[in-house]
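Residue numbers (my numbering): 3 to 271. Every residue, glycine too, gets a C-beta built ideally from N, C-alpha and C. Just so we're clear, the structure is a prediction, and the values are computed from it rather than from any experiment. Okay, structure first, notes after.
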């Protein structure tokens with residue numbers, strides 16, 4: 003007799019997704035340890051990525067937390083998407099979770115492509131970077147970081163629009179728009195500061211802008227976790243009913259009836 007594999011109920015998947023997203027948000031803010039641990043980098047000037055550079059004493063720790071954060075968010079986004087029933091999947095929502103999954107995947111890849119040195123605090127490193135004498139991981143890191151931030155920003159916008167269009171997730175409807183605006187402002191600040199630093203015009207408090215940028219992303223992911231955990235039960239019940247329909251009649255039979263059948267007795271009519 004074949005046994006039909008079943009998925010966990012949608013409500014369980016939502017709770018798992020919420021836990022994964024919340025843990026991912028916490029891991030993504032591991033850089034705040036620089037407040038209590040001496041890193042030798044100026045948080046107002048330095049890239050967040052410089053904490054994980056290959057020549058930094060705590061680089062291994064920050065690379066590990068970035069990897070964990072990326073994998074947790076990736077798993078949380080995919081799990082949350084799987085908890086949405088097929089007839090309730092909207093383009094905005096699906097695209098938003100896909101963008102968040104991209105953010106998680108790119109963050110995990112980013113952790114495996116560390117900078118070799120810290121250009122904002124090491125003039126020799128900055129000169130080598132300008133001359134193109136640094137390892138190719140610097141360029142690859144820039145690409146993966148850009149993909150991660152693009153995915154995060156797209157997820158912020160798409161899921162906020164989805165919440166407002168479809169009347170779901172009240173916390174996201176309320177706090178999503180100001181978070182999106184703040185994230186856009188922090189991103190523009192960071193891009194302007196990177197342009198200035200590359201042109202030799204100073205850092206423009208690049209570190210502060212980028213730390214605000216990643217902190218807002220972490221806050222948004224944590225907010226999403228709360229929304230997913232508190233999603234209306236009717237969505238889960240529809241998906242759970244669909245899961246039960248995929249099972250055979252024997253799997254759906256009450257436990258007492260199955261026991262009677264095993265002993266050769268028919269249940270009373």
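Per-residue burial, residue i [other beta carbons within 10 Å of its own, 16 or more giving buried]
i: residue 203; result: exposed
i: residue 213; result: buried
i: residue 57; result: exposed
i: residue 109; result: buried
i: residue 102; result: buried
i: residue 50; result: buried
i: residue 235; result: Note that residue 235 has pLDDT 49, beneath the 50 cutoff, so the model's placement of it is unreliable and no number is given.
i: residue 208; result: buried
i: residue 15; result: buried
i: residue 143; result: buried
i: residue 140; result: buried
i: residue 42; result: exposed
i: residue 132; result: exposed
i: residue 190; result: exposed
i: residue 134; result: exposed
i: residue 46; result: exposed
i: residue 24; result: buried
Residue i, enclosing alpha helix (DSSP H) - first and last residue
i: residue 57; result: Residue 57 -> no alpha helix (DSSP H), and no H or E assigned at all.
i: residue 221; result: 208-231
i: residue 196; result: 172-200
i: residue 94; result: 93-113
i: residue 127; result: 125-132
i: residue 205; result: Unbroken run through residue 205: none, as it is neither H nor E.
i: residue 30; result: 12-30
i: residue 47; result: Unbroken run through residue 47: none, as it is neither H nor E.
i: residue 169; result: Looking at the DSSP string, residue 169 is not in any alpha helix (DSSP H), and its letter there is neither H nor E.
C-beta contact flag for residue i and residue j at 8 Å
i: residue 122; j: residue 199; result: yes
i: residue 74; j: residue 115; result: no
i: residue 120; j: residue 48; result: yes
i: residue 19; j: residue 230; result: yes
i: residue 76; j: residue 106; result: yes
i: residue 118; j: residue 55; result: yes
i: residue 94; j: residue 160; result: yes
i: residue 158; j: residue 136; result: no
Whole-angstrom C-beta distance between residue j and residue i, which should lie under 8 Å
i: residue 12; j: residue 85; result: 5 Å
i: residue 185; j: residue 218; result: 5 Å
i: residue 220; j: residue 27; result: 5 Å
Check: residue i C-beta below 7 Å from any heavy atom of the ligand NAP
i: residue 200; result: The ligand content of the structure shown is nil, which means the ligand NAP is not present either.
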